[in-house]
Amino acid sequence: MPADLRYPVSSLCEVQTLSVITPDHTLFVCTQCATVRSNDQPQGKSGGQELLDELTRLAAAAQLPEQVSIEPVRCMFACEKSCMAAFSAAGKYTYLFAHLQPATAAPALIECLRHYALNPEGLLPYGVRPEPLKTAVLARIPPQLAALPQPEPLAPAV
Ligand code: FES
Numbered sequence: 519m520p521a522d523l524r525y526p527v528s529s530l531c532e533v534q535t536l537s538v539i540t541p542d543h544t545l546f547v548c549t550q551c552a553t554v555r556s557n558d559q560p561q562g563k564s565g566g567q568e569l570l571d572e573l574t575r576l577a578a579a580a581q582l583p584e585q586v587s588i589e590p591v592r593c594m595f596a597c598e599k600s601c602m603a604a605f606s607a608a609g610k611y612t613y614l615f616a617h618l619q620p621a622t623a624a625p626a627l628i629e630c631l632r633h634y635a636l637n638p639e640g641l642l643p644y645g646v647r648p649e650p651l652k653t654a655v656l657a658r659i660p661p662q663l664a665a666l667p668q669p670e671p672l673a674p675a676v
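So for the sequence shown, my numbering puts the first residue at 519; every next one is plus one.
Written out as structure tokens, the structure reads:
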């Protein structure tokens, strides 16, 4: 692991804990963010592709469980706020992260993904988010109501 990684990813190897996770969790990464263009042609690797490459490398080392995947997307329509990534899972809040720097955001996203996967509602309060993600939340979108757990019926009064 490079010395500049500030957030250990070893906790993602806690498969015995993560085995309780039931829904699929996806980390979407925009690979088109921070693309340098000349004469309308992309020059070199985009910042988004750098972020995806670093996430893929860290995820392999962290041995992510089957329920967690990293998926490239081509644009999330927030191009002025690149680099962009998002957490999503059925029945959980969706988090949209902006202004991500690949080198610092990648290990932070991997670490934060663990918290997201373990929280039943997918909540990521300020205190549990690694430093690069504390102010990077652009949006928190509620889960669809049909996916939320249904409350237990009230017991009749005696
Ligand atoms: S290019 Fe990444 S959000 Fe549009």
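We treat Cβ as the ideally placed atom computed from N, Cα and C, and that holds for glycine.
Close-in-space but distant-in-sequence residues of the same chain around residue i (CB under 7 Å, 5 per side omitted)
i, result
"Thr612", "Ala604, Phe605, Ser606, Ile659"
Close-in-space but distant-in-sequence residues of the same chain around residue i (CB under 6 Å, 5 per side omitted)
i, result
"Thr622", "Pro650"
"Ile539", "Its pLDDT being 47, under 50, Ile539 is placed unreliably by the model, and the measurement read from it follows with that caveat. Excluding residues within five positions, the ones whose Cβ falls inside 6 Å are Gln585, Ala635."
Secondary structure of residue i, DSSP reduced to three states
i, result
"Cys548", "strand"
"Arg647", "coil"
"Ala657", "strand"
"Pro625", "helix"
"Gln559", "strand"
Cross-strand partners of residue i (DSSP beta bridge)
i, result
"Phe605", "Leu545, Tyr613"
"Ser587", "Thr544"
Cβ pair residue i, residue j closer than 7 Å
i, j, result
"Pro671", "Lys610", "no"
"Leu576", "Ala608", "no"
"Leu614", "Leu545", "no"
"Ala673", "Cys601", "no"
Is the stretch 591-602 touching the stretch 627-647, taking contact as three or more C-beta pairs under 8 Å? no
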